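Undergrad: Residue numbers (this note's numbering), protein chains in the order written: chain W, 260 to 593; chain V, 260 to 593; chain C, 260 to 593; chain G, 260 to 593.
Protein chains: 4
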Amino acid sequence: MRYHHLPSFTGADALRVAERDEPAPGPGQILVRMRAWSVNHRDLLIASGRYGRGMRANVVPLSDGAGEVVATGQGTTRWTTGDRVLSVFMPNWQSGPIDERSAAGALGGPVDGVLAEYVVFDEDAVVSAPAHLDMPEAATLPCAAVTAWHALVTHGGLAPGQQVLALGSGGVSVFAVQLAVAGGARVTVTSGDDRKLERLCGLGAADGVNYRRVPEWGRTIHGRSGGVDHVLEVGGAGTLRQSLAAVRTGGRVSVIGVLADGAGISVPHLLWKAVTVQGLSVGSRAVFEELNRAIVRHAIHPIVDRVFPFGEAAEAYRHLGTGKHFGKVVIVAD
Amino acid sequence: MRYHHLPSFTGADALRVAERDEPAPGPGQILVRMRAWSVNHRDLLIASGRYGRGMRANVVPLSDGAGEVVATGQGTTRWTTGDRVLSVFMPNWQSGPIDERSAAGALGGPVDGVLAEYVVFDEDAVVSAPAHLDMPEAATLPCAAVTAWHALVTHGGLAPGQQVLALGSGGVSVFAVQLAVAGGARVTVTSGDDRKLERLCGLGAADGVNYRRVPEWGRTIHGRSGGVDHVLEVGGAGTLRQSLAAVRTGGRVSVIGVLADGAGISVPHLLWKAVTVQGLSVGSRAVFEELNRAIVRHAIHPIVDRVFPFGEAAEAYRHLGTGKHFGKVVIVAD
Amino acid sequence: MRYHHLPSFTGADALRVAERDEPAPGPGQILVRMRAWSVNHRDLLIASGRYGRGMRANVVPLSDGAGEVVATGQGTTRWTTGDRVLSVFMPNWQSGPIDERSAAGALGGPVDGVLAEYVVFDEDAVVSAPAHLDMPEAATLPCAAVTAWHALVTHGGLAPGQQVLALGSGGVSVFAVQLAVAGGARVTVTSGDDRKLERLCGLGAADGVNYRRVPEWGRTIHGRSGGVDHVLEVGGAGTLRQSLAAVRTGGRVSVIGVLADGAGISVPHLLWKAVTVQGLSVGSRAVFEELNRAIVRHAIHPIVDRVFPFGEAAEAYRHLGTGKHFGKVVIVAD
Amino acid sequence: MRYHHLPSFTGADALRVAERDEPAPGPGQILVRMRAWSVNHRDLLIASGRYGRGMRANVVPLSDGAGEVVATGQGTTRWTTGDRVLSVFMPNWQSGPIDERSAAGALGGPVDGVLAEYVVFDEDAVVSAPAHLDMPEAATLPCAAVTAWHALVTHGGLAPGQQVLALGSGGVSVFAVQLAVAGGARVTVTSGDDRKLERLCGLGAADGVNYRRVPEWGRTIHGRSGGVDHVLEVGGAGTLRQSLAAVRTGGRVSVIGVLADGAGISVPHLLWKAVTVQGLSVGSRAVFEELNRAIVRHAIHPIVDRVFPFGEAAEAYRHLGTGKHFGKVVIVAD
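1. Note down, in chain order, all residues in the segment 539-558 of chain W with a beta-carbon under 9 Å from any beta-carbon belonging to chain V.
2. Thinking C-alpha only, which one of His560/W, Gly334/W, Ala533/W is nearest Leu462/W?
3. Which class does Met394/V belong to by DSSP, given the choice of helix, strand or coil?
4. Could you tell me the boundaries of the beta strand (DSSP E) in which Ala330/V lies?
5. Are the C-beta of Gln537/V and some C-beta of chain G separated by less than 8 Å?
6. Relative to the C-alpha of Glu549/W, which candidate in Arg337/W, Leu400/W, Tyr377/W has its C-alpha closest?
7. Closer than 8 Å, CB to CB, is Ala418/W near chain V or not?
8. Is the segment 322-331 of chain W in contact with the segment 319-338 of chain C, if contact means three or more CB pairs nearer than 8 Å?
9. Note down, in chain order, each residue of its chain lying with its Cβ closer than 7 Å to the Cβ of Gly538/V, except the 5 sequence neighbours on either side.
10. Where does Ser450/G land, buried or exposed, given buried means 16+ other C-beta within 10 angstroms?
11. Could you tell me whether the segment 339-359 of chain G touches the segment 379-394 of chain G, using the rule of 3 or more Cβ pairs below 8 Å?
12. The alpha helix (DSSP H) that contains Glu359/G, what's its start and end?
13. So, is the C-beta of Val433/W closer than 8 Å to a C-beta in chain V?
14. Hey, which unbroken runs of the alpha helix (DSSP H) at 4 residues or more fall wholly within the segment 340-382 of chain G?
15. In whole angstroms, give me the CA-to-CA distance for Ala294/G and Leu374/G.
16. Could you check whether the Cβ of Asp358/C sits closer than 8 Å to any Cβ belonging to chain V?
17. Check the DSSP bridge columns for Met314/W and list the partner residues they point to.
18. Identify the continuous alpha helix (DSSP H) that holds Val386/G and give its terminal residues.
19. At the 8 Å Cβ level, is Ala362/G part of the contact set with chain W, yes or no?
20. Nearest to Arg360/V by alpha carbon, out of Ala306/V, Ala575/V, Ser543/V?
21. Indicate whether at least one CB of chain W lies closer than 8 Å to the CB of Gly509/G.
22. Have a look at Val512/G, Ala441/G, Leu424/G and flag the residue whose alpha-carbon is nearest the alpha-carbon of Trp476/G.
23. Counting contacts by CB-CB distance shorter than 8 Å, is Leu642/C in contact with chain V?
24. Using the Cα positions of Ile562/C and His557/G, report the straight-line distance between them to the nearest angstrom.
25. Can you tell me whether Ala271/C is buried or exposed, with buried defined as 16 or more other CB within 10 angstroms of its CB?
26. According to DSSP, is Trp338/W helix, strand or coil?
27. Let me confirm a value: Arg279/C is counted as buried when at least 16 other C-beta atoms fall within 10 Å, else exposed. Which label applies?
28. Name the chain V residues that come within less than 7 Å of Leu211/C, Cβ to Cβ?
29. Using a Cβ-Cβ cutoff of less than 6 Å, which residues in the same chain neighbour Val473/G once the five nearest sequence positions on both sides are dropped?
30. Taking the alpha-carbon positions, what's the Leu503/C to Leu503/V distance?
31. Between the segment 398-430 of chain V and chain W, which residues of the former have CB atoms less than 7 Å from a CB of the latter, in chain order?
32. Exposed or buried, Gly486/W, counting other C-beta atoms within 10 Å across all chains shown (16 or more means buried)?
33. Against Gly442/G, what residues of chain C qualify as contacts under a CB-to-CB distance less than 7 Å, listed in chain order?
34. Output the residue ranges of the alpha helix (DSSP H) runs that lie fully inside the segment 448-475 of chain V and measure 4 residues or longer, sorted by chain position.
35. Find the nearest neighbour of Lys532/C within the set Val541/V, Gln422/V, Arg511/V, judged by alpha-carbon distance.
36. Can you name the residues of chain G whose CB is closer than 8 Å to the CB of Gly285/V?
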């Protein structure tokens with residue numbers, strides 16, 4: 260079978276396809292024939308050696324994948340051949356709060372990821388793919404959608420009438436719009452592109468601000484909303500300062516993007532407004548299952564920006580790197 | 260001005276209209292010309308002396324009312340003449356958890372209520388009426404809608420995809436359907452009347468069970484839903500037993516109706532399923548304001564079953580007592 | 260190796276010792292030589308066929324055990340030979356809220372327990388034994404101490420100055436006294452025996468009530484405390500009624516004992532006082548680890564009432580059944 | 260009667276004593292003869308015009324005071340003459356989360372404070388002084404002790420065995436040590452002075468690090484503790500960077516001091532460790548009452564560093580400004 264790996268960390272160009280034997284599932288494991296994958300900004304950082312934690316040469320990249328169970332190991336009880344499953348970002352993080360052991364096991368970083376034609380998983384390291392989604396759609400969920408749900412619902416206590424601010428139109432933000440709307444919240448979005456603002460409003464966002472035309476968008480959004488309850492901060496230079504301006508007294512800023520820089524965290528701001536700033540890394544398997552319940556009940560379809568074949572994974576990386584996407588960039592099996 | 264009072268506690272017949280001078284607001288107070296009121300099951304119990312706690316003869320009944328500010332006392336800052344306001348069920352309960360002092364101040368029980376043409380309130384004992392509601396609609400909110408929100412959102416952590424079970428078609432349950440749907444939950448309802456089930460589904464409920472045809476409805480609902488996350492238990496003989504059967508492992512039953520009887524609370528059931536059973540009495544002013552934000556954003560219109568004139572308040576009580584209503588029974592100023 | 264099993268469910272007499280080969284650990288598993296066990300009231304119910312859920316003939320009894328790792332299976336990373344470990348009550352319940360799958364895997368019930376000389380565990384199905392405890396002490400923790408911690412801390416939010424009521428002097432209640440005192444709470448206890456009340460006060464309880472002399476102890480405790488914040492309800496006829504009388508408005512009753520009967524749950528009581536009644540079954544591995552951290556930091560020694568040799572396990576059951584114990588009844592390897 | 264005010268904002272020198280008539284309590288109000296006050300770092304910032312929000316010339320300074328009720332207004336029910344009471348930092352913040360209206364009413368800032376011989380309070384704007392404290396001790400609680408409790412208990416979920424890090428030996432940090440020890444936590448402290456470290460250990464801290472000798476104290480504390488659960492960040496240049504190094508994965512940093520600067524908030528740090536950083540401003544009346552319950556039950560005596568007479572309030576400010584204090588700086592009535 261073929262798989263991608265990273266012999267070096269020089270960016271998308273570093274991706275190499277190689278061949279090895281199809282692995283066999285051990286006791287309590289399953290073998291999955293992968294059908295689709297999605298790329299996250301984190302994968303670009305990993306490929307270019309900017310992801311902070313020690314990367315292992317030749318690591319198999321990507322955390323997000325969807326496929327079908329083709330074999331089950333001894334004593335497996337949760338799955339049967341033909342089941343459609345999705346990878347769990349940190350396979351050891353089953354539920355409850357994160358700990359260091361779980362964090363160290365994130366796929367596609369120090370630990371081998373899923374960009375291979377066949378992958379062996381522990382049986383509790385995958386969840387069911389929602390039935391109404393095709394494989395490319397389903398492959399978008401493990402990182403971006405779980406992150407948005409974890410921030411908005413698990414920690415943010417999303418409630419009808421609440422106000423949510425999502426920044427930009429990347430994967431997490433587009434899911435944030437879809438999920439917050441499903442929960443009855445009023446969503447404000449930002450973008451540097453009016454057509455993207457329009458598309459976000461088409462997904463249910465109630466208000467949009469073009470940050471190119473309104474550099475002090477934090478104050479503007481505070482004025483228009485009276486202060487939002489929750490910001491999903493995915494980052495970019497100086498956005499935290501604006502997010503802290505936009506949030507209401509007693510509100511919450513979830514820092515979920517490695518793009519964010521902390522230069523703008525003003526302590527007096529934190530204090531005056533009694534704001535909670537929380538770092539978040541995706542979420543547990545239990546969180547993923549809660550998300551899926553909502554995805555199914557609301558028949559939400561993830562927004563797939565563009566699809567690339569397995570052999571052109573590097574192109575998928577490059578496309579994501581341009582920042583021109585709206586929603587998720589996906590790779591499919593040839 | 261005219262007002263109703265209860266010289267005795269013999270039921271709806273005990274209501275008497277009397278006349279007294281219009282009161283004047285003191286410092287920090289407002290005078291409200293009442294325009295509409297709503298009746299809750301609690302008011303029937305109070306009028307018939309079955310409400311448990313010591314009632315005071317000649318108490319002015321009702322907790323729920325809507326009106327306009329017609330005068331403001333010295334130092335008042337929150338309101339101005341012409342503002343449309345709603346009574347807060349326990350005026351001392353501003354936010355946070357309940358305490359005994361707040362509980363002792365519930366309107367229309369030991370403390371005089373609002374069934375009068377003019378009422379003086381402390382300025383923090385009312386909230387704004389949502390602008391899209393007329394006075395009869397707005398008057399339905401203070402007890403039933405606040406209770407449903409407090410149970411579902413404040414304690415229940417309502418989330419998209421969650422499953423909620425509401426019993427019957429009284430005021431609290433109809434609001435529960437509307438609010439749970441606004442929050443993206445899947446709602447199951449029960450009734451003894453198929454036309455009511457149909458109306459509840461028209462409001463967004465996804466499933467309905469006629470408890471006359473399905474006496475073991477708890478088990479049935481568990482089977483169809485896989486166990487609901489949250490039951491709003493408004494009571495009736497033996498319903499708690501069914502509610503505990505319907506709820507999932509780790510789920511929640513909010514006991515919000517004085518009609519409920521506890522005969523059916525089975526301790527092994529509580530233990531096996533690790534269920535939380537929580538008694539709830541309406542909610543604080545802060546909870547009311549959160550509710551209103553959702554009522555406004557979702558343009559929810561309360562369901563008014565029937566409207567009676569001020570002089571026929573006793574008829575409103577009797578109509579509620581028949582149990583034939585769907586939603587709220589309202590009284591309006593002549 | 261020798262092990263106990265239950266060919267029938269006629270009580271302690273049903274326990275039989277049998278012989279089988281020492282098991283071998285598979286991948287990700289460990290083999291533990293057991294050194295001590297403890298008996299819980301649940302084990303008496305199981306042995307006598309009163310535990311509700313379908314028991315399997317010849318089940319190996321007991322959930323609580325302590326021992327040393329003597330062999331490790333392939334790929335094991337958490338343990339090494341010689342480590343002292345304790346069983347986790349529900350091995351699948353790693354953290355977060357309970358679910359049905361975890362509940363179905365409780366040891367010594369439908370699933371084989373630990374009353375054997377050697378037991379194989381998945382490597383995440385045990386926790387470290389606190390170093391300052393000997394094996395008999397350590398063996399008391401898995402069910403009773405985890406339950407007390409889960410109720411008091413995880414759900415009860417134990418805080419300095421809070422008031423806790425613990426009923427009787429069984430395993431859970433004695434741990435509740437020790438843990439609540441460590442957390443700075445003021446603890447009231449009940450017993451039918453003044454010497455036991457004295458011993459409980461010796462462990463740090465601030466007040467004790469003899470329920471034989473004060474049948475309406477709920478009202479008495481409410482009067483003396485102003486209403487306790489939290490009751491650990493381990494049961495007995497009619498105790499729930501008294502617990503609801505003792506608790507404050509807005510307080511919490513954790514129902515943790517299968518002995519409890521629900522006859523006394525008065526719905527008006529629940530409502531007037533806005534009480535939360537929560538069923539609890541022990542706790543997850545994460546809860547056990549939190550407990551151990553406190554046990555270690557406060558150098559808490561569990562109270563071992565009496566110790567029986569492995570061959571006389573039935574005597575341990577009978578002694579627990581008399582209700583004369585104070586703290587935990589333990590079995591040790593011959 | 261005499262009172263202090265701030266005609267200008269040039270520092271401690273700006274304080275002026277003036278004379279005016281004793282005020283009279285209106286309806287629902289009480290008149291308090293003040294006996295003692297305490298000074299917080301915030302008061303220094305206000306006096307020197309560095310407190311950010313618009314100050315009003317001639318404002319009466321200080322939020323913290325203790326005194327006796329000497330007269331009660333019409334309709335007052337909570338207090339009687341002779342009661343010993345303490346000011347609530349934000350009189351409108353009764354319970355629940357903070358809002359902008361409460362934040363705008365903090366004493367001694369935009370709104371007149373309590374550094375006067377007689378002060379009129381709304382009857383719900385004070386709490387009882389713990390009986391075992393003298394007036395100087397009691398006057399230390401309203402800002403520093405409430406802040407420490409709010410951070411540690413209300414938000415931090417203080418539990419036995421938890422690890423807390425408190426920075427320095429100012430008012431908040433010394434209370435944090437006392438309260439965390441009362442709750443059974445293990446406390447680490449920092450100071451630049453070994454004698455202060457010794458005194459903090461005398462109050463129950465388990466470990467201390469001299470930040471002058473160990474500039475990278477965050478890493479050192481992480482190494483010794485395995486990562487603390489909770490940091491009370493009172494500030495100073497670059498301390499946030501160290502605090503983020505000291506905290507465990509999934510831990511919490513409460514930012515409670517205006518001294519803190521945000522330069523050190525590293526977003527990757529927040530993300531890798533999934534840390535929550537929360538700004539906190541003192542706490543509500545309900546939080547103060549919870550604190551007092553613990554202060555009473557544990558017979559905690561606040562640490563009073565030094566006492567100045569009313570006429571030498573400016574000296575008290577200057578002494579606090581030197582940073583040489585340990586615990587609280589107090590002013591007493593002549």
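Note that CB positions come from ideal geometry on N, CA and C, so glycine has one too. Model, not experiment: these values are computed from the prediction.
TA: Answer, in terms of the structure:
1. Glu549, Leu550, Asn551, Arg552, Ala553, Ile554, Val555, Arg556, His557
2. His560/W
3. helix
4. 323-331
5. no
6. Leu400/W
7. yes
8. no
9. Val514
10. buried
11. yes
12. 359-362
13. no
14. 359-362
15. In the sequence on display, residue 294/G carries Arg and not Ala. Each residue's alpha carbon lies about 10 Å from the other.
16. yes
17. Partner(s): none; Met314/W has no beta bridge.
18. Segment 385-387 is the beta strand (DSSP E) holding Val386/G; no alpha helix (DSSP H) there.
19. yes
20. Ser543/V
21. yes
22. Leu424/G
23. Residue coverage of chain C in this structure runs from 260 to 593, which leaves residue 642/C outside it and unanswerable.
24. 25 Å
25. buried
26. coil
27. exposed
28. Outside the displayed span of chain C (260 to 593) sits residue 211/C, for which this structure offers no information.
29. Thr479
30. 20 Å
31. Val412, Gly416, Leu417, Ala418, Pro419, Gly420
32. buried
33. Ala418, Pro419, Gly442, Gly443
34. 453-461
35. Val541/V
36. Pro286
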